[in-house]
Amino acid sequence: MAPNPRVTKAFRAMKAIGIAEEKVKPVLKKLLKLYEKNWELIEEENYRVLADAIFDEDDTKECEKNPNGGNVCAVSCFVLVFCILALVLYCLSLLMCHLPI
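Here the UniProt record's numbering is used: the first residue of the sequence shown is 1, the next is one more, and so on.
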């Protein structure tokens with residue numbers, strides 16, 4: 001039987017950003033089950049939801065391997081949220097500077 005062309009396209013899209021097929025397959029299966037085989041949700045934005053799910057799984061596995069467990073992951077999540085908030089505030093300040101009074 002010929003492979004599903006949608007699966008092939010998903011593998012190609014992930015390969016283009018450096019993600020191996022071995023990582024893609026289990027995550028793609030989970031997403032297809034989660035989205036009840038709704039490919040449109042997976043294919044949107046050049047398979048962004050698939051890539052995000054793969055990166056999230058990698059982060060989760062890394063946290064599980066860490067002997068300090070959630071402490072390191074919680075700190076890194078806090079730092080990430082803080083950086084995003086700082087970026088948003090910076091962008092807002094730039095917008096405010098350019099608004100007419």
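Glycine included, every Cβ here is placed at the ideal spot set by N, Cα and C.
### Query
How is the alpha helix (DSSP H) around K9 delimited, first residue to last?
Bounds of the alpha helix (DSSP H) holding K9 are 5 to 16.
### Query
Is the distance from the Cβ of I19 to the Cβ of I42 below 8 Å?
It is not a contact, given that the beta carbons lie outside the stated cut-off.
### Message
Could you give the first and the last residue of the continuous alpha helix (DSSP H) run that contains E21?
### Response
Here the alpha helix (DSSP H) through E21 covers 21 to 34.
### Task
Under 6 Å Cβ to Cβ from K25, same chain only, skipping five residues before and after it: list those, please.
No residues qualify anywhere along the chain.
### Query
Grouping DSSP H, G and I as helix and E and B as strand, with all else coil, what is A2?
In this structure, DSSP gives A2 a state outside helix and strand, which the three-state scheme calls coil.
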